[in-house]
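Below: the structure, in structure tokens.
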Amino acid sequence: MVQTYYPLTDHAADLKRADKWPNVGPQVDKKDVLERRAPRSLSALPALRSVFEAAPVISLIGQTPLVRLADAAKELPTSVKLYVKLEGLNPGGSVKDRAALFIVWEAMRSGALGPDKTLLDATSGNTGIAYAMLGAALGFPVRLMLPANASPERVQILRAYGAQLTLTDPSAGTEGARQLARELANAEPDRYFYADQYDNSANQLAHYTTTGPETWQQTDGQITHFVAGLGTGGTMMGVGRYLRERQPAVQLVGVQPERPRHGIEGLKHLATARVPGIYDPELVDRIIEVTTDEAKTMASRLARQEGLFVGISAGAAVVAALRVGRELTHGTVVALLPDGGFKYASAPFWGEIN
Ligand SMILES: Cc1ncc(COP(=O)(O)O)c(C=O)c1O
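Residue 331 in the working numbering sits at position 272 of the sequence shown, with consecutive numbering throughout.
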């Protein structure tokens, strides 16, 4: 087990405003993140070294590839470039490896996730998979509440990693699962560390520290528009703040489902959902709404025309990025694709779209 933990944040202050961001720790401070080249991989962060030694799989998190879309973007002027960041290539298969790692790291450092404690959270899947992977690698138990309609692939992956699952009423959605997790954590505080990805600032800090710098470097600072789906908002808050600090003119475009009941796993309809504590709407320049059909059609198109097998929310991000791209005469648009298509493989739509 890992014995030494280093400060990630000195206090759990409200991190909603960029000017309130504290240093992220003596060994990974904000100045470092801004001025140094982003580390080639997270293992270059000294503060994480002891964790990597205990669980080498963690060193594979981050530094995901950025690739230019060819076929899907051919309707755009040649001076408009459309790139996608393939977060499905993280070891746990999604962007959530980053957030989960920072949440766990901070909890271990502060003692909130001490020996004999179980990590507890509500998750529609990807964050749970990331916690389960980290729990397996670092040796702490993981208990998850997830709506019973989560895709069967996700449930099987969680079982493979050894997580304890409670399937909740699908009609109550992720909110229902959250409510149950909160109640359990309140009832047995000595037993559980409630990770609460929606209100946990380590979520966005992961993206501020890793995803943001990577995206900036991979585009040689040329990025003009960043497009990402909004679930907890962690990706958009962290990457958005980092990019804003580097380039105030950068446009931050959030993607959400067009209606409250939808099939884009991982995304929230913010007008009707409880707004996550870490989400600051003022940071985002624009929200683009996408239908489930549009997202699925694009996911299928990306598989068939680009050879990129990505998830449904990734399809939604590309639909939105193309909408942005069509309005431009020049620019560099980056869409973040949260996961690969494998977890949705049993969905019928893949074969139905030409
Ligand atoms: C598939 C998928 N897409 C998008 C997101 C949204 O990311 P974030 O929570 O950082 O807003 C998630 C989050 O769980 C997800 O699982």
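For every residue, glycine included, the Cβ atom is placed at its ideal position computed from N, Cα and C.
On the CB-based measure, 16 or more other CB atoms within 10 Å of its CB, does asparagine 259 come out buried or exposed? buried
Taking 6 angstroms as the cut-off, is the beta-carbon of glycine 325 closer than that to any non-hydrogen atom of ligand 1? The nearest non-hydrogen atom of ligand 1 is less than 6 angstroms from the C-beta of glycine 325.
Coil, strand or helix - phenylalanine 368 by DSSP: coil
Terminal residues of the continuous beta strand (DSSP E) containing valine 139? 139 to 145
Compare the C-alpha of leucine 205 against each of Thr270, Ala354 and Ala236 and name the closest. Closest option to leucine 205, Cα to Cα, is Ala236.
Going by the DSSP bridge assignment, what does leucine 396 pair with across the sheet? Leu145
Which whole-angstrom value describes the C-beta separation of leucine 128 and glutamate 365, a residue pair presumed to lie in contact below a C-beta threshold of 8 angstroms? 6 angstroms
Straight-line CA distance for arginine 99 to glycine 152? Low confidence applies to arginine 99: its pLDDT is 40, below 50, so where it sits in the model is not reliable enough to give any reading.
Measure the Cβ-Cβ separation of glycine 370 and glycine 410 and say whether it is below 7 angstroms. no
Are the Cβ atoms of alanine 240 and alanine 181 separated by less than 7 angstroms? yes
Between proline 136 and ligand 1, is the CB less than 6 angstroms from at least one heavy atom? no
If we count the other Cβ atoms within 10 Å of its Cβ and call it buried at 16 or more, is proline 211 buried or exposed? exposed
Return yes when at least one heavy atom of ligand 1 lies under 6 angstroms from the C-beta of serine 372, else no. A distance criterion of 6 angstroms places the beta-carbon of serine 372 in contact range of ligand 1, judged by its closest non-hydrogen atom.
Which term fits glutamate 94, buried or exposed, when burial requires 16 or more other beta carbons within 10 angstroms of its beta carbon? Note that glutamate 94 scores 42 on pLDDT, short of 50, meaning its location in the model is unreliable; the coordinates nonetheless yield the value given after this. Classification of glutamate 94: exposed, given that the 10 Å Cβ count is below 16.
Whole angstroms is fine: what's the gap from threonine 356's alpha carbon to phenylalanine 408's? 8 angstroms
Bridge partners for glycine 288 per DSSP, in chain order? Val314
Short of 7 angstroms in beta carbon distance, which residues of its chain neighbour glycine 290, apart from the five on each side in sequence? Order them along the chain. Excluding the 5 residues flanking it on each side, glycine 290 has same chain C-beta neighbours closer than 7 angstroms at Gly325, Leu326 and Lys327, in chain order.
State yes or no: is the C-beta of valine 383 within less than 7 angstroms of the C-beta of valine 392? yes
Determine the closest residue to aspartate 130 out of Gln122, Gly121 and Lys140, with distance taken between C-alpha atoms. Lys140
Let's see if you can read the secondary structure: which residues bound the alpha helix (DSSP H) around arginine 218? 211 to 220
Straight-line gap, glutamate 273 to glutamine 122 (C-alpha atoms, nearest Å): 7 angstroms
Spatial neighbours of methionine 295 in its chain, beta-carbon cut-off 7 angstroms, leaving aside the 5 residues before and after: Ala287, Leu289, Leu311, Gly313 and Val343
Residues in the same chain with beta-carbon distance under 6 angstroms from phenylalanine 252, minus the five sequence neighbours each way, listed in chain order, please. Excluding positions up to five away in sequence, the list reads Ala166, Ala171, Leu172, Lys176 and Leu178.
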